[in-house]
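Q: Protein sequence lines correspond, in order, to chains W and Y.
So in the working numbering, the last spot in the first sequence is 625, and the numbers never skip.
So in the working numbering, the last spot in the second sequence is 196, and the numbers never skip.
One structure, as structure tokens, below. Some questions next.
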Amino acid sequence: GNSVTQMEGPVTLSEEAFLTINCTYTATGYPSLFWYVQYPGEGLQLLLKATKADDKGSNKGFEATYRKETTSFHLEKGSVQVSDSAVYFCALRAVNTGFQKLVFGTGTRLLVSP
Amino acid sequence: GAGVSQSPSNKVTEKGKDVELRCDPISGHTALYWYRQSLGQGLEFLIYFQGNSAPDKSGLPSDRFSAERTGGSVSTLTIQRTQQEDSAVYLCASSLDRVGNSPLHFGNGTRLTVT
């Protein structure tokens with residue numbers, strides 16, 4: 512079945528540090544890949560997405576590249592801010608199997624200190 | 082425009098009672114999802130509605146859980162004879178259509194506490 516594996520948190524960084532949150536997936540067919548973010552006290556919101564191999568999704572300084580050869584979609588940011596502290600969820604959605612639900616990883620909490 | 086609206090935002094109930102959770106999706110969104118977020122468990126898929134098709138109920142954890150979507154819009158998730166392990170945040174999401182790259186828009190959730 513389809514699944515997503517994320518690195519366990521929390522990830523603790525100082526402001527302006529480089530961020531990587533690893534995400535790998537298992538899927539039949541050709542999934543679309545997503546990163547969602549949940550800020551404290553708020554609902555989940557889409558951060559970025561990529562729909563085919565080698566696509567790079569980007570938003571708010573975050574980037575992730577769809578790597579089919581390594582089945583990965585790692586999230587990166589060059590310089591984190593305190594306001595980036597949140598829980599980040601990697602997710603996939605299979606396109607051509609009729610299997611429409613979004614499958615999430617367990618989430619990675621990021622804590623950024625000043 | 083208005084986002085996905087869920088009510089109530091918090092619900093405390095006694096073990097054994099039934100509860101109903103409501104979701105108003107974004108207008109025009111044909112797909113609607115329910116997920117459950119438990120502490121340390123990530124997001125667990127419960128049920129998916131797409132237009133007039135039969136729902137995908139494959140994630141419902143037991144027959145105490147059911148959901149319906151009336152008129153292709155509002156959805157209600159019902160939990161009968163609640164148990165303490167049902168305590169979680171129940172999230173509703175909607176998306177524009179069944180295309181795989183259409184993002185989900187989430188509500189803020191209903192926090193259910195079973196005492």
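Every residue gets a Cβ at the ideal spot worked out from N, C-alpha and C, and that includes glycine.
With H, G and I counted as helix, E and B as strand and the rest as coil, what does DSSP make of T94/Y?
A: Here the question's residue 94/Y lines up with position 13 in the second sequence. Strand at T94/Y.
Q: Assuming L177/Y and G190/Y make a contact with CB atoms under 8 Å, what is their CB distance in whole Å?
A: Against the second sequence, residue 177/Y aligns to sequence position 96. Against the second sequence, residue 190/Y aligns to sequence position 109. Actually they are not in contact, since the Cβ atoms of L177/Y and G190/Y sit about 21 Å apart, beyond 8 Å.
Q: So for D595/W, helix, strand or coil by DSSP?
A: In the first sequence, the residue the question calls residue 595/W occupies position 84. If DSSP states are grouped into helix, strand and coil, D595/W belongs with the helices.
Q: Go ahead and pull the three-state DSSP assignment for E166/Y.
A: The count along the second sequence starts at 1 and reaches residue 166/Y at position 85. If DSSP states are grouped into helix, strand and coil, E166/Y belongs with the helices.
Q: Using a Cβ-Cβ cutoff of less than 7 Å, which residues in the same chain neighbour V515/W once the five nearest sequence positions on both sides are dropped?
A: Taking the first residue of the first sequence as position 1, residue 515/W is located at position 4. If the five residues before and after V515/W are omitted, its C-beta is found closer than 7 Å to the C-beta atoms of C534, Y536, C601, A602, L603, V614, F615 and G616, all from its own chain and listed in chain order.
Q: Can the beta-carbon of N513/W be found less than 8 Å from the beta-carbon of A575/W?
A: One-based indexing of the first sequence puts residue 513/W at position 2. One-based indexing of the first sequence puts residue 575/W at position 64. The answer is no: Cβ separation not under 8 Å.
Q: Taking the CB atoms as reference points, tell me whether Y550/W and L557/W lie closer together than 8 Å.
A: If you number the first sequence from 1, residue 550/W lands on position 39. If you number the first sequence from 1, residue 557/W lands on position 46. It is not a contact, given that the beta carbons lie outside the stated cut-off.
Q: For F529/W, count the other beta carbons within 10 Å of its own beta carbon; 16 or more makes it buried, fewer makes it exposed. Which is it?
A: The residue you call residue 529/W lines up with position 18 of the first sequence. Classification of F529/W: exposed, given that the 10 Å Cβ count is below 16.
Q: Listing by chain order, which chain W residues have their CB less than 8 Å from the CB of P184/Y?
A: Indexing the second sequence from 1 puts residue 184/Y at position 103. Those within 8 Å of P184/Y in chain W are F545, L557 and K560.
Q: Taking the straight line between their C-alpha atoms, what separation do you get for F26/Y and E166/Y?
A: This structure leaves residue 26/Y out entirely; chain Y is present only between 82 and 196.
Q: Roughly how far, in whole angstroms, is the beta-carbon of G132/Y from the beta-carbon of I107/Y, given that I think they are within contact range, below 8 Å?
A: Numbered from 1 along the second sequence, position 51 holds the residue referred to as residue 132/Y. Numbered from 1 along the second sequence, position 26 holds the residue referred to as residue 107/Y. Wrong, their Cβ atoms sit about 15 Å apart, outside the cutoff.
Q: F187/Y CB to nearest chain W CB: under 8 Å?
A: Counted from its first residue, the second sequence places residue 187/Y at position 106. F187/Y counts as touching chain W.
Q: Using the beta-carbon of each residue, which ones in chain W are nearer than 8 Å to L172/Y?
A: Counting from one through the second sequence, the residue named residue 172/Y turns up at place 91. Here the neighbours are G554 and L555.
Q: Measure from the C-beta of G520/W to each C-beta in chain Y and report whether the shortest distance is under 8 Å.
A: The sequence position of residue 520/W within the first sequence is 9, counting from 1. No, no contact with chain Y.
Q: Would you identify the three-state DSSP class for T151/Y, choosing helix, strand or coil?
A: Counting from one through the second sequence, the residue named residue 151/Y turns up at place 70. Note: T151/Y maps to helix in three-state DSSP.
Q: If the cut is a Cβ gap below 7 Å, which residues of chain W does G123/Y touch?
A: Here the question's residue 123/Y lines up with position 42 in the second sequence. Within 7 Å Cβ-Cβ: F615, G616, T617 and G618.
Q: For L524/W, I'd like the list of residues in its chain whose CB is within less than 8 Å of its CB, leaving aside the five on either flank, ordered along the chain.
A: Walking along the first sequence from the start, residue 524/W turns up at place 13. Only L530, V591, L621, L622, V623 and S624 meet the Cβ criterion.
Q: Report the residue from P521/W, S583/W, E587/W and A561/W whose alpha carbon sits nearest the alpha carbon of G572/W.
A: Counted from its first residue, the first sequence places residue 572/W at position 61. Closest by alpha carbon: E587/W.
Q: To the nearest angstrom, how far is it from the Cα of L185/Y to the Cα of G97/Y?
A: On the second sequence, residue 185/Y is found 104 positions in, with the first residue counted as 1. On the second sequence, residue 97/Y is found 16 positions in, with the first residue counted as 1. Computed Cα separation, rounded: 32 Å.
Q: Residues in its own chain within less than 7 Å of L559/W by CB, not counting five upstream and five downstream?
A: Within the first sequence, the letter at position 48 stands for residue 559/W. Taken in chain order, the residues that qualify are W546, G568, S569, N570, F573 and A575.
Q: Determine the contact status of K92/Y and L158/Y, defining contact as a CB-CB distance below 8 Å.
A: What you label residue 92/Y is simply residue 11 of the second sequence in a count that begins at 1. What you label residue 158/Y is simply residue 77 of the second sequence in a count that begins at 1. No, the Cβ-Cβ distance between K92/Y and L158/Y is not below 8 Å.
Q: In chain Y, which residues lie less than 8 Å from F600/W when you measure between Cβ atoms?
A: Residue numbering aside, residue 600/W sits at position 89 when the first sequence is read from its first letter. Result: G123 and L124.
Q: Should L124/Y and S156/Y be called a contact, given that it needs their Cβ atoms to be closer than 8 Å?
A: Position 43 of the second sequence holds residue 124/Y. Position 75 of the second sequence holds residue 156/Y. No, the pair does not count as a contact, with Cβ atoms beyond the cut-off.
Q: Going by DSSP, what residues sit across from A575/W in a beta bridge?
A: In the first sequence, counting from the first residue as 1, residue 575/W sits at position 64. Answer by DSSP bridge pairing, in chain order: G568/W and L586/W.
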